[in-house]
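Have a look at the structure below, then the notes.
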Amino acid sequence: MRATVLGVAVASLVVVGRLYGLESMPHPASAELQPSASQADTAKVAGALTDTVGFGGRTIGAGDTVQGPVVVLAGDLHVQGTVVGTAVAIVGDVLVEGGGRVTGDAIAAFGSVHAPPGSVGGRLRSITGTFGPHFAVAEAAEPRRQSTSGALGLTLGWLVVMLVIGIGVLVFASNYLEGATDVLEQSFWRSFLVGVVGELAILPALALLLLALTVTVVGILLIPFAIVAYVVAVAGLGTLGFLSVAYLTGGSLGSRQADQLQARGRALRALVVGVVLYLGMWIVAAAFQWSPVVSGMLRGLALAITYAAATAGFGAVILSRGGTRRDAAKRKPVADEMAVWQTPTPVSGVVAARRPTPASTPRQRA
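Reminder that position 241 of the sequence shown reads as 238 in the working numbering, one-by-one numbering, no gaps.
Here is the structure:
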């Protein structure tokens, strides 16, 4: 409805403009005295309207020259020839194809302008928005590549956010972080495989949760809250997994000075070093934003390493049940289970304990 109103308004303005531009039309003093002149004016107005406004799309063929402005309602305007003036598409696109030419502006309302193969003498504009005192007008241009400073600022912002979250986890939930780190340290590849399976099961698990909630009326009402809670939980587990990998990586890069620190100091140093190490790769890639090839290669490398680390951490969090179970990857040796009843072997003069035997009765002694 709004597109129709806008189209009628534009068409009216265009027709009025065309009427003012017609060649010296006679101005009869009376329509009854000069009926032939009125009929000629009507024919010219109809011709101007037909040449100017089209419904459902229009194609200006190659070799054709049309005096503009040309307006198309609820369809696309394909320009293969020449439009002398402005080309307008309302609820549609303006496509200036190869060999096509528009001497004026190319305007698309609720659409877009595509003119790389053709030629447009004026500006390319796309009008969007709602009816009211303001319309959002955007110049149609090629997508701009993000600047180096912008990429660096974005990456440094993520670094600060992850450091703040990591310090918060280290202060308020260090037990969960250490639990996931222990499992990750004991079995990295097992954690990685479990992480891959867990990532693949995220959407099916959400679907099962929503299906279970649809059984009852109360459950249906809780579906929006369940979706939000599920997304937050998955994001929290993923963040805890990434921080556990960073914590383990930073702790493995120790030094003599780090060994002299207290336990809290070593933990803080390990977390900061690990987070800076992983996000530092993204910072280096952002520093080469001016070179698409180098930046793309560095981003690909950073993405591969970060994905492997985050996936392994996610799997460790799943195995440790959110960091609450540290011995999830440990397996009790079979030999220990079989040798529970055995007596210790004498070592360095230590006498082995004798295995208890039933006490003999008086008859047996006799």
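Glycine residues also receive a C-beta, built at the ideal position from the N, C-alpha and C atoms. Please read these numbers as outputs of a predicted model, since none were measured by experiment.
Check                                                                                                                  : Outcome
Test item: CB-CB of Thr79 and Val63 under 9 Å                                                                          : yes
Sequence-distant residues of the same chain with beta carbon closer than 6 Å to Val314, five excluded per side         : Ala177, Leu234, Leu237, Gly238
At least 3 beta-carbon pairs within less than 8 Å: the segment 210 to 221 vs the segment 142 to 155                    : no
Supposed close pair Gly247, Val269 - CB separation, criterion 8 Å                                                      : 7 Å
Three-way DSSP call (helix, strand, coil) for Gly51 in this model                                                      : strand
Cβ neighbours of Leu190 in the same chain (closer than 8 Å, five flanking residues each side left out)                 : Gly312
Whole-angstrom distance between Val88 and Val110, CA atom to CA atom                                                   : 12 Å
From Phe52, Pro289, Pro114, residue whose alpha carbon lies closest to that of Gly97                                   : Pro114
Of the residues Ala59, Leu276, Gly108, the one placed nearest Leu151, counting alpha carbons only                      : Leu276
Beta-ladder partner(s) of Ala86, from DSSP                                                                             : Val69, Ala105
The segment 271 to 288 touching the segment 300 to 311, judged by at least three CB pairs closer than 8 Å              : yes
Of the residues Ala86, Val81, Arg266, Gln77, the one placed nearest Leu70, counting alpha carbons only                 : Ala86
Nearest neighbour of Gly58, chosen from Thr83, Val93, Thr49, Leu208 [CA to CA]                                         : Val93
Val228, DSSP secondary structure in three states                                                                       : helix
Contact belief for Val117 with Ala103 at Cβ below 8 Å, rounded distance in angstroms                                   : 5 Å
Reduced DSSP secondary structure (H/G/I, E/B, other) of Thr62                                                          : strand
Nearest candidate by alpha-carbon position, reference Tyr173, set Ser292, Trp155, Val242                               : Val242
Sub-9 Å separation of Ala84 and Gly72 beta-carbons                                                                     : no
Contact set for Leu160: own chain, Cβ-Cβ below 7 Å, skip 5 residues either direction                                   : Val269, Val272
Ala267 beta carbon less than 9 Å from that of Leu149                                                                   : no
Check whether Ser366 and Val180 have beta carbons under 9 Å apart                                                      : Here the chain comprises residues numbered -2 to 363, so residue 366 is not present and cannot be evaluated.
Status (buried if at least 16 other CB within 10 Å, exposed otherwise) for Gln259                                      : exposed
Cβ-Cβ distance between Phe285 and Leu295 below 9 Å                                                                     : yes
Cα-Cα separation between Ile280 and Leu156, rounded to whole angstroms                                                 : 9 Å
Endpoints, alpha helix (DSSP H) assigned at Val269                                                                     : 260 to 284
Same chain only: Cβ atoms within 7 Å of Ala112, ignoring 5 sequence neighbours per side                                : Val93, Ala103, Leu121
Cβ distance (whole Å) where Leu240 is taken to contact Val166 below 8 Å                                                : 6 Å
Ala226 vs Gly320 beta-carbon contact at 9 Å                                                                            : no
Per-residue burial, Val298 [other beta carbons within 10 Å of its own, 16 or more giving buried]                       : It is worth fixing the name first, because residue 298 is Leu in this sequence and not Val. That one is exposed.
Run of the beta strand (DSSP E) containing Thr79, from where it starts to where it stops                               : 79 to 81
Cross-strand partners of Thr56 (DSSP beta bridge)                                                                      : His75
Nearest-angstrom beta carbon gap, Val76 and Thr100 [assumed within contact, 8 Å]                                       : 11 Å between Cβ atoms; not a contact.
Straight-line Cα distance separating Val228 from Leu250                                                                : 33 Å
Neighbourhood of Arg55 by C-beta distance below 6 Å, restricted to the same chain and skipping five residues each side : Val69, Leu74
Residue nearest to Val411 in terms of C-alpha spacing, selected from Leu245, Arg263, Leu197                            : Nothing can be reported for residue 411: it is not among the residues displayed for the chain, which extend from -2 to 363.
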